[in-house]
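One structure below.
2 protein chains.
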Amino acid sequence: MDYIFLSKTKLFNEITENEIKVILNCLKSYTKKYDKGDLIYKQGEIISSIGIILLGSINIENDDIWGNKNILENISMGNIFGETYACIENEEIMVNVVAAEPCEILFINIDKVLRTCSNACKFHIQLIKNLLSLTSQKNISLTRKIFHTSPKSIRGRILSYLSYQAILKGNTEFEIPFNRQQLADYLSVDRSALSNELSKMEKDGIILYNKNKFKIINLNIFS
Amino acid sequence: MDYIFLSKTKLFNEITENEIKVILNCLKSYTKKYDKGDLIYKQGEIISSIGIILLGSINIENDDIWGNKNILENISMGNIFGETYACIENEEIMVNVVAAEPCEILFINIDKVLRTCSNACKFHIQLIKNLLSLTSQKNISLTRKIFHTSPKSIRGRILSYLSYQAILKGNTEFEIPFNRQQLADYLSVDRSALSNELSKMEKDGIILYNKNKFKIINLNIFS
DNA sequence: AAAAGTATGTTGTTATAACAACAAAGGAGT
DNA sequence: ACTCCTTTGTTGTTATAACAACATACTTTT
Chain G
11 MDYIFLSKTK
21 LFNEITENEI
31 KVILNCLKSY
41 TKKYDKGDLI
51 YKQGEIISSI
61 GIILLGSINI
71 ENDDIWGNKN
81 ILENISMGNI
91 FGETYACIEN
101 EEIMVNVVAA
111 EPCEILFINI
121 DKVLRTCSNA
131 CKFHIQLIKN
141 LLSLTSQKNI
151 SLTRKIFHTS
161 PKSIRGRILS
171 YLSYQAILKG
181 NTEFEIPFNR
191 QQLADYLSVD
201 RSALSNELSK
211 MEKDGIILYN
221 KNKFKIINLN
231 IFS
Chain Z
11 MDYIFLSKTK
21 LFNEITENEI
31 KVILNCLKSY
41 TKKYDKGDLI
51 YKQGEIISSI
61 GIILLGSINI
71 ENDDIWGNKN
81 ILENISMGNI
91 FGETYACIEN
101 EEIMVNVVAA
111 EPCEILFINI
121 DKVLRTCSNA
131 CKFHIQLIKN
141 LLSLTSQKNI
151 SLTRKIFHTS
161 PKSIRGRILS
171 YLSYQAILKG
181 NTEFEIPFNR
191 QQLADYLSVD
201 RSALSNELSK
211 MEKDGIILYN
221 KNKFKIINLN
231 IFS
């Protein structure tokens, strides 16, 4: 186990490598490998472990009753997933967790962290604090997705998403972590309509793009 | 201060009335009253206090760059708001918090809870645990809104929302906490289009409704 | 290098939502 | 009961997104 890597993750923020070693042992954690497309957590399951991505990345997806796939989030190496459901008892997970590429996951039973946390155990308290911070941040990323999908027009959604990416990267030229289909799913629009709108926006001189590289030319927010 | 009321809230779960009294004093909490429509937290502010609603209810809203108002959530008596931003340092709040009716709010500085939490203080640990649970639950309610707004058709969104409400209330007949405009905002659709679609659904024999009372007759999920 | 597979772009048609403008119903206050 | 005001429903028009089907890259495999 790469404790140095783990000590740099947000989950183990302010926890030393040796302390991590103790925690992982005490909480009976284990690792598992997955291939691209493998289902890690299935909609409807009751889970009590969080996952830390040691290698690769995963997608949080929802398949609605009509079969439309909706990508809520892509989570990469060093980050965690499942904490929302693991922190609430008997709450069915409403999403699918799917390996976006070959990956390796470390699972930690969070029930134990929450139930056995006593004043005596300093690591546990820090772990809970870190979880709180992470959950809050996930909260914000969900709020952000809601922002990007609340404009009624496709152009509005694209502008919302791209302008946020530009701010995030601190540059009007940037790469996005989605391909067209994934971006369409994220914004809840049809892929071909998205492609179509992107090329219209290029014609209108608002953006330049090639694959997942974008450049914002003139963000006319009133158009 | 009504400590009995507070001891029944989720935030003070497993904390006694006397302990609450100590905490509130120690954390320099204070209360404030608002009229309907008053702005409690404004988009862009850096906040470090969470609010507990002692009386009334509040709306979490977003006004986008084109002036569309988007209601993310309605939060009622005994529940908290602002914890997402208060738990992360220097994170601007991206929403407006508005009094949905006359209300009274108890503010608690969360910075102090997180920073001064030591092994010696048992209440603080419990408070953080409770916050973690609440944040996780808020997370789920955001995910739920994403579900309700991800179908591409208005009917799909209405069905998603109403069928969830029916499950929540455990009855095919129920009241919803929104008026038409608020529901339209929540589902990110035009109000008149929503009214129109609702009456079509009634004609199609799927639902019956009057104002905010609904009855699901025949949830044909494949239509 | 050819073949197969995947991702992206393009176009035309159809379905649907937004919008605007108005009508009707329901409350609140005088 | 009348007026004012707010909420909800209705209709027709216009704008836009979904959808389908195909074309054109670009990748990966053999």
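Taken in order, these protein sequences are the chains called G and Z.
11 is the number of the first residue of the first sequence in the working numbering; add one for each residue after it.
11 is the number of the first residue of the second sequence in the working numbering; add one for each residue after it.
Note that CB positions come from ideal geometry on N, CA and C, so glycine has one too.
Looking at the backbone, the Cα of Lys38(Z) and that of Phe188(G) are separated by about 46 Å.
Counting only residues of its own chain and dropping the five nearest sequence neighbours on each side, Thr41(G) has a CB closer than 8 Å to the CB of Met11, Leu64, Glu114, Ile115, Leu116, Phe117. Residues of chain G whose Cβ lies closer than 8 Å to the Cβ of Gln147(Z) are, in chain order, Ile98. Restricting attention to Leu218(Z), Phe224(Z), Asp48(Z), Ile186(Z), the CA atom closest to the CA of Glu111(Z) is found in Asp48(Z). Distances from the CA of Asn220(Z) to each of Arg190(Z), Asp200(Z), Thr145(Z) were compared; the closest alpha carbon is that of Arg190(Z).
A Cβ of chain Z is located within less than 8 Å of the beta carbon of Thr94(G).
The criterion of a C-beta distance shorter than 8 Å is not satisfied by Glu212(G) and Ile168(G).
The beta carbon of Glu29(Z) sits closer than 6 Å to those of Phe133, all from its chain and outside the five residues before and after it, given in chain order. Assigned with DSSP and collapsed to three states, Gly61(G) falls in strand.
Leu204(G) and Asp195(G) have their C-alpha atoms roughly 10 Å apart. Within chain Z, Ile156, Thr159, Ser160, Pro161, Lys162 have C-beta atoms less than 9 Å from the C-beta of Ser198(G), given in sequence order. Chain-order list of chain Z residues neighbouring Ile138(G): Ile138, Lys139, Leu142, by C-beta distance under 7 Å. Between Ile138(Z) and Leu142(G), the beta carbon gap of about 6 Å places them in contact (Cβ cut-off 8 Å). By the Cβ criterion, the region 54–61 of chain Z is not in contact with the region 155–163 of chain Z, since fewer than three pairs of Cβ atoms, one from each stretch, lie closer than 8 Å. For Val107(Z), the pairing in a beta bridge is given by DSSP as Tyr51(Z), Ile70(Z). Distance from the CA atom of Ser151(G) to the CA atom of Tyr174(G), rounded to whole angstroms, is 12 Å. DSSP places Glu93(Z) inside the alpha helix (DSSP H), whose first and last residues are 93–96. Out of Tyr13(G), Ile57(G), Phe91(G), the CA that lies nearest to the CA of Glu71(G) is found in Phe91(G). One thing to note: Leu218(Z) has its Cβ no nearer than 8 Å to the Cβ of Lys210(Z). Closer than 8 Å to the CB of Asn23(G) there is not a single CB belonging to chain Z. Taking a Cβ-Cβ threshold of 9 Å, the residues of chain G close to Glu101(Z) are Ser146, Gln147, Ile150, in chain order.
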